[in-house]
Amino acid sequence: MGRGNLAEARRQRGGHTLMYPAVCFFFFAFSPPAFISAQARYTIESVQFIPPAYYVGDRVELRARVRASADVTVAPPRSFPKITWGEFHDAHVALRDGLAEIQIFFTAYQMGAQSVPNLICGDVVLQGLSVSVRSLTEEQPREREPPRGNLLLPSTRFIIAAGAGVLIALVLAVFAGLLWLRPWLRHIIRSCRERRPYRKLRKTLAALRTQAGETDSRRFYIFLLDAVKLYMNHYGEGDCTAFTTRELEAYFARSLGDTADRNALLEIFHFGDEVKFGGRHSPRDRRLADIGCVAAIASRLEHPVREGRHAHL
Amino acid sequence: MDIQEVQEQIDISRGLYSRAREAISAAIVGQKKMIDGLFMGMLAGGHVLLEGVPGLAKTLAVKSLAQAIDASFKRIQFTPDLLPADLTGALVYRQQTGEFIPRKGPVFSNIVLADEINRAPAKVQSALLEAMEEKQVTLGDNTYPLPDPFFVLATQNPIDHEGTYPLPEAQLDRFILKILVAYPNAQEELEILRRAGSGNPRAASRVISPEDIRRLQETAGLVKMDERIENYIVSLVSSSREKQRGRNSWSRYIEFGASPRATIYLYRCAKVQAFFEGRAYVVPEDVKAAAPDVLRHRIVLSYEAESDELSADDVIKNLLSAVAVP
């Protein structure tokens, strides 16, 4: 308003050059309070920044409390001036405890002391303000921390630890159980393994017994002697399948305790060789007798195994 | 022919064989294995290589065999300066008629003893190849058949290799058997001492003719062999050529396995072995008994075998214990 009066005075001075000094005198000597500048009608009670210490990138509130007369208009700035060190976001004006409270929000991106340009808030001008922007990286230089892990719900760690504990306890329990059962398991597995050749031999003998009258002699003794060799192979050292009858003789002499059994087996092998390679015929009775002989010898060999002792073969 | 008839034939022929064997045993103390090997080679229609240190009656055994058989016999001492013509003969110019006539060498005999065969150079050894395999000799433009039966019985010394020419594999393969001649035991050596001390060494008497040899060969050929035994022989020989390390860990010791000729010879020798046992059919034992002598010189050992100080016999032993017997 004051400036408008001065301009008008200048225009009047242009039209009435001679009257200018007198008019000026009266104007200034007898002017009413309306001529008093707006500055005189408001006072800025306080200016504060919230938070008081702020850093680069922080959203900061500039709060100015203005005591103004009723004819002074206090309003948010219509537009913010351009600043190089940051940006203004928005502004509000509120009445609180009889004072006008101007809230201007800004963010500074540049550290150090920066001057704030005049902010025109209606009739009130905030001027001569400066901000002091701090920087965490400059003030507290330190190594960059690694990314933090996910936040867990309360008791999550306890639940995980408890679950793992239960699992380990289960495994240990199973392991301990196996250790406890080990002798029994081993005994069962061993007896199953030991008796597997015998079961196989019995199965073969049973099949041969049913076909004793039908199969030709050569084929019969091929199956019979191969089955006996496989059975013996499981007990002694060396590969019986690669032994000739004469080598088996030496093998049985070393490892087969009962002389009668040994001789009976060898007799079957010798006879089998004659049938297999010499074309000798074998009657059904002879075949059945040989099957019975082999079964009896095998049964006698297996008997000690059943009682938990190794067969002496 | 029925197996019974074969058995009868064998029973008759075995008498003949026993007489010849006894005649040789009368001249030589011990060395049963060597004498059996010589007969086996002869009845199987092959040539035999005897390997042993000096003084083990190798030459005497061959001479005695020749004496026991009423057949022509020549001994050739192989030396570094021997020429092929010294062996096979040559065409000689006859001045009177003005033409070349063949002068047959010592190889034209029923039994030829090639003594210390590895002392002659390779060309002389090679001159024997045609004679051994084809049983004929070519002189000039003409080819002359060798007398039947024809056997080359060669000896060589496993030690004292200086100035010797190791037999090439091609020549070794032509020997049906390679027999290792071992030292006699103490009792046999005592008997040798007594005989030599008396100054009256015994000589083998002539008991069989070349015709008898042919008959024995025929009889041995009649011996029956089951199909499974034939397969076993093929498996044995072919497994010496397998390089499947997982299956046969010992196969790394073999550089080259035995050839199909070994299969043929093993087949023949197994039959002869069965004949020796007086059987009209072959059993796996016969194959196993003949296998070391048949395969010994046909398996070329690798460097690994040499570094592990393994002999061909060790490898054959592994081979025999790995192949399933029928």
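Going line by line, the protein sequences match chains A and B. Mapped onto my numbering, the consecutive letters of the first sequence carry residue numbers 655 to 967. Mapped onto my numbering, the consecutive letters of the second sequence carry residue numbers 2 to 327. All C-beta atoms in this analysis are idealised placements derived from N, C-alpha and C, irrespective of residue type, glycine included.
Item: Out of curiosity, what's the CA-to-CA distance linking Gly141 of chain B and Ala91 of chain B?; Value: 8 angstroms
Item: Does any C-beta atom of chain B lie closer than 8 angstroms to the C-beta of Lys930 of chain A?; Value: yes
Item: Strictly under 8 angstroms for the Cβ-Cβ distance: is Phe877 of chain A near chain B by that measure?; Value: no
Item: Starting from Ala281 of chain B, find everything on chain A with Cβ-Cβ shorter than 8 angstroms and list it in chain order.; Value: Gly932
Item: Three or more beta-carbon pairs under 8 angstroms between the segment 232 to 242 of chain B and the segment 935 to 944 of chain A, yes or no?; Value: no
Item: In the DSSP output, what is Asn143 of chain B paired with across the bridge?; Value: B:Leu140
Item: Check the C-beta distance from Glu134 of chain B over to Arg175 of chain B and give it rounded, since I have them as a contact under 8 angstroms.; Value: 6 angstroms
Item: Within 10 angstroms of the Cβ of Lys289 of chain B, are there 16 or more other Cβ atoms? Answer buried if so, exposed if not.; Value: buried
Item: Under the DSSP definition of a beta bridge, which residues are partnered with Ile70 of chain B?; Value: B:Ile209
Item: Note down the Cα distance separating Tyr254 of chain B from Leu217 of chain B, rounded to an integer number of angstroms.; Value: 38 angstroms
Item: Of all the CB atoms in chain B, is at least one closer than 8 angstroms to the CB of Thr895 of chain A?; Value: yes
Item: Span of the alpha helix (DSSP H) holding Thr810 of chain A?; Value: Thr810 to Thr864
Item: Using the three-state DSSP reduction, which class does Lys33 of chain B fall into: helix, strand or coil?; Value: helix
Item: To be precise: take each residue of the segment 900 to 929 of chain A, compare its Cβ to all Cβ atoms of chain B, and keep it if any distance is under 9 angstroms. Which residues remain?; Value: Arg900, Glu901, Asp927 and Glu928
Item: Could you tell me how far apart the beta carbons of Ile77 of chain B and Ala123 of chain B are, in whole angstroms, since I believe they sit closer than 8 angstroms?; Value: Wrong, their Cβ atoms sit about 16 angstroms apart, outside the cutoff.
Item: If I'm right that Ile177 of chain B touches His48 of chain B with Cβ under 8 angstroms, what's the distance once you round it to whole angstroms?; Value: 6 angstroms
Item: Which residues in chain B sit within 8 angstroms of Thr898 of chain A, going by Cβ to Cβ distance?; Value: Val284, Pro285, Glu286, Lys289 and Val326
Item: Can you give me the C-alpha to C-alpha distance between Ala183 of chain B and Val63 of chain B, rounded to a whole angstrom?; Value: 16 angstroms
Item: From Asp311 of chain B to Arg297 of chain B, what distance separates their C-alpha atoms?; Value: One detail in the question is off: residue 311 of chain B reads as Leu in this sequence, not Asp. Computed Cα separation, rounded: 12 angstroms.
Item: Kindly confirm or deny that the segment 777 to 791 of chain A and the segment 708 to 726 of chain A touch, where touching means at least three C-beta pairs closer than 8 angstroms.; Value: yes
Item: Assuming Ala745 of chain A is part of the alpha helix (DSSP H), what are its boundary residues?; Value: Taken as a continuous stretch (DSSP letters only), Ala745 of chain A belongs to no alpha helix (DSSP H), being part of the beta strand (DSSP E) at Gly740 to Arg750.
Item: Find the residues of chain A that neighbour Ile322 of chain B, judging by a C-beta separation of less than 8 angstroms, and give them in chain order.; Value: Note that residue 322 of chain B corresponds to Ser in the displayed sequence, not to Ile. Residues of chain A passing the Cβ test: Gly892, Asp893 and Ala896.
Item: Give every residue of the same chain whose Cβ lies closer than 8 angstroms to the Cβ of Ile300 of chain B, excluding the five residues on either side of it in the sequence, and list them in chain order.; Value: Ser241, Ile255, Phe257, Gly258, Ala259, Ala313, Val316 and Ile317
Item: Could you give the distance in angstroms between the alpha-carbon of Pro687 of chain A and the alpha-carbon of Gly766 of chain A?; Value: Because the pLDDT of Pro687 of chain A is 44, which lies under 50, any placement of that residue in the model is unreliable, and the number read from its coordinates should be weighed accordingly. Cα-Cα distance, rounded: 43 angstroms.
Item: Do Ala918 of chain A and Ile951 of chain A have their CB atoms nearer than 8 angstroms?; Value: yes
Item: Using a Cβ-Cβ cut-off of 8 angstroms (strictly less than) and excluding sequence neighbours within five positions of Ser723 of chain A, which residues of its own chain qualify?; Value: Arg695 and Tyr696
Item: Under the rule that 16 or more other beta-carbon atoms within 10 Å means buried, what is Lys736 of chain A, buried or exposed?; Value: exposed
Item: Straight-line CA distance for Glu100 of chain B to Val125 of chain B?; Value: 26 angstroms
Item: Using a 10 Å radius around the Cβ and a threshold of 16 neighbouring Cβ atoms, would you call Asp82 of chain B buried or exposed?; Value: exposed
Item: Note the first and the last residue of the continuous alpha helix (DSSP H) segment covering Val182 of chain B.; Value: It is not in any alpha helix (DSSP H) - Val182 of chain B carries neither H nor E in the DSSP assignment.
Item: Can Ala69 of chain B and Ile209 of chain B be called in contact, C-beta distance under 8 angstroms?; Value: yes
Item: Does any C-beta atom of chain A lie closer than 8 angstroms to the C-beta of Asp227 of chain B?; Value: yes
Item: Could you check whether Ala204 of chain B and Phe276 of chain B sit closer than 8 angstroms to each other, using their CB atoms as the reference points?; Value: no
Item: Can you give the Cα-Cα distance for Thr858 of chain A and Pro851 of chain A, rounded to whole angstroms?; Value: 10 angstroms
Item: How big is the Cα-Cα spacing for His964 of chain A and Pro55 of chain B?; Value: Summary for His964 of chain A: the model assigns pLDDT 44, below 50, so the residue's position carries little reliability, and this model does not support an answer.
Item: Where does Leu955 of chain A fall in DSSP's three states?; Value: helix
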